[in-house]
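Going line by line, the protein sequences match chains R and A.
Everything in the first sequence is counted per the numbering used here, starting at 4 for the first residue and increasing by one.
Everything in the second sequence is counted per the numbering used here, starting at 4 for the first residue and increasing by one.
Ideal Cβ placement from N, Cα and C applies to all residues, glycine included.
Note that this is a predicted model, so its numbers are computed, not measured.
Each remark here refers to the structure printed beneath this line.
2 protein chains.
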Amino acid sequence: MVSDRSLEVLRVIVQDYVASREPVGSKSIVDRHSFGVSAATIRNDMALLEEEELITAPHTSSGRIPTDKGYRMFVDHLADLKPLTIAQRQAIETFLGESADLDDVLSRTVRLLSQLTHQVAMVQYPSLSQARLRHIELVSLSPTKLLSVMIADTGHVDQRVLEVPAEVDVEFLGELRAKLNTALVGAGVLEAAGRMAGLAALFGEGRRPVVNAIALALAEQVAANRQDRLVIAGASNLVRTEEDFHGSILPVLEAVEEQVVLLRLFSELEADQRGVSASIGRENAPFGLAETSILASGYLAQGGAVAHLGVLGPTRMDYSSNMAAVRAVARYLSRSLGDG
Amino acid sequence: MVSDRSLEVLRVIVQDYVASREPVGSKSIVDRHSFGVSAATIRNDMALLEEEELITAPHTSSGRIPTDKGYRMFVDHLADLKPLTIAQRQAIETFLGESADLDDVLSRTVRLLSQLTHQVAMVQYPSLSQARLRHIELVSLSPTKLLSVMIADTGHVDQRVLEVPAEVDVEFLGELRAKLNTALVGAGVLEAAGRMAGLAALFGEGRRPVVNAIALALAEQVAANRQDRLVIAGASNLVRTEEDFHGSILPVLEAVEEQVVLLRLFSELEADQRGVSASIGRENAPFGLAETSILASGYLAQGGAVAHLGVLGPTRMDYSSNMAAVRAVARYLSRSLGDG
DNA sequence: ATTAGCACTCAAACCGAGCGAGTGCCAAAT
DNA sequence: ATTTGGCACTCGCTCGGTTTGAGTGCTAAT
């Protein structure tokens with residue numbers, strides 16, 4: 004059975020190893036921390052921890068490093084979130100102080116988070132599945148090309164070029180715009196796609212093929228928009244922590260560029276009671292990220308939409324500080340975006 | 004004086020070194036290429052090239068590698084652009100085949116370019132300085148918040164949230180929208196900013212403060228938009244070529260994330276007669292990119308706007324192939340975006 | 001101008017000894 | 001039953017020395 008002191012030993016092993024990047028031995032533990040026992044005792048505890056696979060020795064006779072299981076134990080039971088420094092709180096204030104465009108807020112947020120944690124930071128766009136259409140705008144680019152702009156109550160704006168099978172004159176465009184808006188505004192994105200279908204019935208016989216073409220394109224635009232997007236910053240922090248990756252950081256950087264893997268990870272994470280969730284090391288192996296950890300938290304955007312934000316870095320990271328930063332930024336973002 | 008054969012020697016040194024990543028010696032040259040002379044003769048030529056600082060020896064007695072000056076000579080006088088393979092041409096077709104949104108086209112293009120060259124690829128958004136406003140849309144988000152959407156004839160769409168000092172009801176919004184559009188549509192972005200100022204005169208006395216506030220915000224939006232943006236892909240290729248950077252790739256990745264340095268570089272490059280410009284190694288030292296080269300080309304977007312696109316990678320890169328790829332993609336993009 | 005020959009250089013690979021942080025275990029002490 | 005001091009042992013690092021080999025520079029002959 005792992006005693007209380009053993010767990011304390013695990014805690015300092017994690018802390019010291021994260022700080023020094025070197026395997027930590029029994030001697031250095033009694034030196035740096037006041038356990039009130041001798042090195043030999045610590046060694047016994049370490050043998051216990053090794054039994055439980057919470058720590059491991061890189062070579063037969065060297066200090067110990069935490070296993071993934073050890074990190075997991077640490078974040079679940081041992082880590083207390085380090086409160087942010089004054090400077091960090093100020094950074095949050097000044098960075099996110101002035102409100103603006105959604106794009107703008109999210110890109111500021113992600114840069115802030117990467118600076119606070121020195122890791123790769125990611126912010127997910129608020130999901131559109133709960134969003135409602137606020138406005139649809141159609142602009143003529145050429146006789147057979149339209150630009151459609153959809154505005155959602157979450158602040159999302161999405162535009163797309165539509166190719167239409169026949170000319171669209173100004174009056175027709177006005178009619179389209181008006182009927183589209185009366186039919187669709189206020190609808191959730193799912194309903195909107197459904198209502199598109201019945202749209203042609205509102206127009207004269209001759210218009211129907213064109214209207215149907217447009218409705219189809221708009222429905223597609225709505226659908227394409229449901230898929231989520233990420234904003235990412237701080238990829239350079241990966242090379243800064245390169246030594247922490249046993250292999251190469253190439254697959255990690257590739258995953259970051261792809262985004263799709265990260266989105267899946269986000270969707271599978273569940274927050275613990277502190278509001279921050281962690282996925283550690285080999286837990287991410289199915290995604291090809293066996294040496295990285297992800298810390299994430301949810302945040303509330305306009306319209307009650309919920310989305311995630313978080314950081315990604317080497318398994319050997321400062322969980323206490325980073326989890327605190329993620330939580331703080333998520334809270335602040337919810338406050339500055341949310342409906343309240 | 005550097006003879007013709009010496010230049011041939013330089014060419015094969017560049018080619019072999021780029022291919023093998025190892026200093027190339029006189030022996031291996033006569034082995035791999037049929038110069039019809041002995042190794043000793045090659046050595047004499049190499050001594051000449053070294054005199055001219057076109058090549059250099061990493062250690063006293065090892066093969067030679069090209070200097071930056073040598074690479075410059077190579078791209079200016081020695082390199083013939085390797086025609087793309089069939090597969091590559093097909094990749095361009097399938098990748099850029101279907102037209103769509105400007106955002107979409109550019110992001111496809113940049114991914115394509117990074118795949119073709121295995122380098123970091125960059126595409127600049129078409130400059131707005133030549134763009135004309137096609138439409139301005141105002142949407143009410145809350146009584147004192149407006150979303151403004153500006154659409155330019157280049158396909159640009161830019162949105163921003165405006166905070167207004169007083170409530171704006173539906174009719175007023177309609178009036179604003181109408182007068183803004185009649186006043187501004189067709190104007191270039193520079194003129195538009197100017198015309199904003201006189202806008203308040205069109206409204207009743209009571210409205211003027213609000214109108215002025217909005218005009219100010221819009222003018223700012225126009226101005227902010229003048230600054231150019233880049234789309235970037237393939238940053239992971241930097242770590243793939245990491246060994247080619249003597250120091251760390253950290254500053255390079257940071258510059259890529261910053262974008263601002265890259266924009267300045269783009270603006271200073273001038274195309275040669277082949278339409279592709281190169282900035283090599285220490286030529287980029289003022290930007291902190293002394294070990295990287297940039298290949299760029301201009302492309303034509305809608306409205307006659309011109310913008311740049313290119314790749315960035317280690318000085319030791321395959322200039323022949325990469326310049327060909329940059330040129331091909333630039334041409335294709337011009338064709339698919341241009342007014343013709 | 002080119003070439004063969006030859007002495008010389010120097011990075012990289014290889015080797016083995018010695019160091020030292022750290023372990024595991026055991027017998028004694030609390 | 002837990003803790004502790006002691007001690008032999010392990011094994012990755014570092015450091016000096018040797019070897020190897022690709023490649024050069026020079027010189028004298030063609």
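- Taking a C-beta distance under 8 Å as the contact criterion, R:VAL160 and A:GLN162 qualify as a contact pair.
- In the DSSP assignment, the residues bridged to R:LEU298 are R:ALA281, R:VAL314.
- For R:PRO69, DSSP records a beta bridge to R:ILE58.
- Contact residues of the segment 267 to 296 of chain A toward chain R are absent (C-beta to C-beta distance below 7 Å).
- Counting along the chain, no beta strand (DSSP E) covers R:MET320, and no H or E run does either.
- Here A:ALA155 has LEU131, ALA134, ARG135, LEU136, ARG137 as same chain residues with Cβ atoms under 7 Å from its own Cβ, once five neighbours each way along the sequence are excluded.
- Contact residues of the segment 121 to 147 of chain R toward chain A are ARG137, HIS138, GLU140, VAL142, SER143, LEU144 (C-beta to C-beta distance below 9 Å).
- Taken through DSSP and simplified to helix, strand or coil, A:GLU166 comes out as strand.
- Listed in chain order, the non-local C-beta contacts of R:SER323 below 7 Å within the same chain comprise ALA82, ASP83, LEU84, LYS85, local neighbours out to five positions each way being set aside.
- Close CB contacts of A:ALA226 within its chain, under the 7 Å cut and outside five residues either way in sequence, are with ALA196 (chain order).
- Buried is the label assigned to A:LEU52, since at least 16 other Cβ atoms lie within 10 Å of its Cβ.
- In terms of CA proximity to R:VAL15, R:PHE38 leads the group R:PHE38, R:VAL329, R:LEU144.
- Scanning the segment 205 to 238 of chain A for uninterrupted beta strand (DSSP E) segments of 3 residues or longer gives 233 to 236, listed from N- to C-terminal end.
- R:ILE32: member of the alpha helix (DSSP H) spanning 29 to 35, first to last residue.
- The distance from the Cβ of R:VAL242 to that of R:ILE252 is about 7 Å, consistent with a contact at the 8 Å cut-off.
- Taking a contact to require three or more Cβ pairs closer than 8 Å, the segment 275 to 284 of chain R and the segment 288 to 304 of chain A do not qualify as touching.
- Counting the other Cβ atoms within 10 Å of the Cβ of A:HIS62 gives fewer than 16, which makes it exposed.
- Contact between R:VAL314 and R:ALA124 is confirmed by a C-beta separation of about 5 Å, below the 8 Å threshold.
- Counting along the chain, R:LEU13 sits inside the alpha helix (DSSP H) bounded by residues 7 to 23.
- Look at R:SER151: its C-beta is not under 8 Å from any C-beta on chain A.
- With respect to chain A, the C-beta atom of R:ILE217 has no partner C-beta closer than 8 Å.
- Going by DSSP, R:ARG137 is part of the beta strand (DSSP E) stretching over 136 to 145.
- It is roughly 38 Å from the alpha-carbon of A:VAL213 to the alpha-carbon of R:ILE89.
- Rounded to whole angstroms, the separation of the alpha carbons of A:ASN287 and A:VAL188 is 41 Å.
- Within chain R, the residues GLU140, VAL142, LEU144, LEU150, VAL152, GLN162 have their CB atoms less than 9 Å from the CB of A:ILE154, given in chain order.
- Excluding its 5 nearest sequence neighbours in each direction, R:THR120 has C-beta neighbours in its own chain below 6 Å: VAL314, ASN325, ALA328, listed in chain order.
- Ranked by how close their Cα comes to the Cα of A:MET320, the residues A:ASP106, A:ASN240, A:PRO168 have A:ASN240 in first place.
- Contact between A:ILE235 and A:VAL113 holds, since their C-beta atoms are separated by about 7 Å, short of 8 Å.
- In this structure, A:ASP48 sits away from A:VAL17, with a CB-CB distance that is not shorter than 8 Å.
- Residue pairing from DSSP places R:MET153 in a beta bridge opposite R:ILE139, R:ASP161.
- Think of a sphere of 8 Å around the beta carbon of A:LEU256: the chain R residues whose beta carbon falls inside it are ALA238, SER239, VAL242, in chain order.
- Within the model, the alpha-carbon separation for R:ALA169 versus R:VAL142 is close to 15 Å.
- Restricted to the segment 247 to 293 of chain R, the alpha helix (DSSP H) segments that are unbroken, complete and at least 4 residues in length are 253 to 261, 263 to 271, listed in chain order.
- Taking CB atoms only, R:GLU170 has no neighbour in chain A less than 8 Å away.
- For R:GLU260, a Cβ of chain A is located within less than 8 Å of the residue's own Cβ.
- By the Cβ-count criterion, R:PRO146 is exposed, with fewer than 16 other Cβ atoms from all chains shown falling within 10 Å of its own Cβ.
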